[in-house]
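Below is one structure, written out as structure tokens, with a few remarks after it.
Residue numbers (our numbering): 96 to 188.
Laid out in structure tokens, this is it:
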């Protein structure tokens with residue numbers, strides 16, 4: 096990197112409800128929501144298994160219902176595009 100971007104404090108919210116997952120960073124920095132693609136059994140997600148991913152080998156197939164980021168001169172919106180989610184556990188010393 097040739098340029099260091101400034102750090103600042105912002106609220107972070109994330110949650111889930113059924114097949115929906117979301118994350119928001121205060122001040123309009125991030126507003127993302129995914130909805131899992133319904134599986135064969137009503138109310139369940141479609142899963143992609145045996146994935147070589149650093150966080151999980153099992154990912155739910157999803158679609159972004161909201162997907163906006165705006166900060167440090169970058170702006171993108173991925174609403175309507177594909178996505179995935181999975182549970183994971185972070186541990187440390």
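Even glycine gets a Cβ: it sits at the ideal position worked out from N, Cα and C.
Keep in mind the model is a prediction, meaning the values are calculated, not measured.
Cβ-Cβ distance between residue i and residue j below 9 Å
i, j, result
"residue 105", "residue 124", "yes"
"residue 155", "residue 114", "yes"
"residue 162", "residue 130", "no"
"residue 177", "residue 158", "yes"
Integer Cβ distance of residue i from residue j, believed to fall under 8 Å
i, j, result
"residue 116", "residue 164", "Not really, about 16 Å apart at Cβ, beyond 8 Å."
DSSP beta-bridge partners of residue i
i, result
"residue 138", "In the DSSP output, where bridge partners are listed per residue, residue 138 has none listed."
Contacting residues, own chain, Cβ-Cβ under 6 Å from residue i (five flanking each side not counted)
i, result
"residue 141", "132, 134, 156"
"residue 108", "119"
Contact set for residue i: own chain, Cβ-Cβ below 8 Å, skip 5 residues either direction
i, result
"residue 182", "151"
Other residues of its chain near residue i: CB distance less than 7 Å, five sequence neighbours each side excluded
i, result
"residue 148", "154"
- Query: Which parts of the stretch 145–178 are runs of the beta strand (DSSP E), unbroken and 3 residues or longer, counting only runs that do not cross its ends?
  - Reply: 153–166, 169–172
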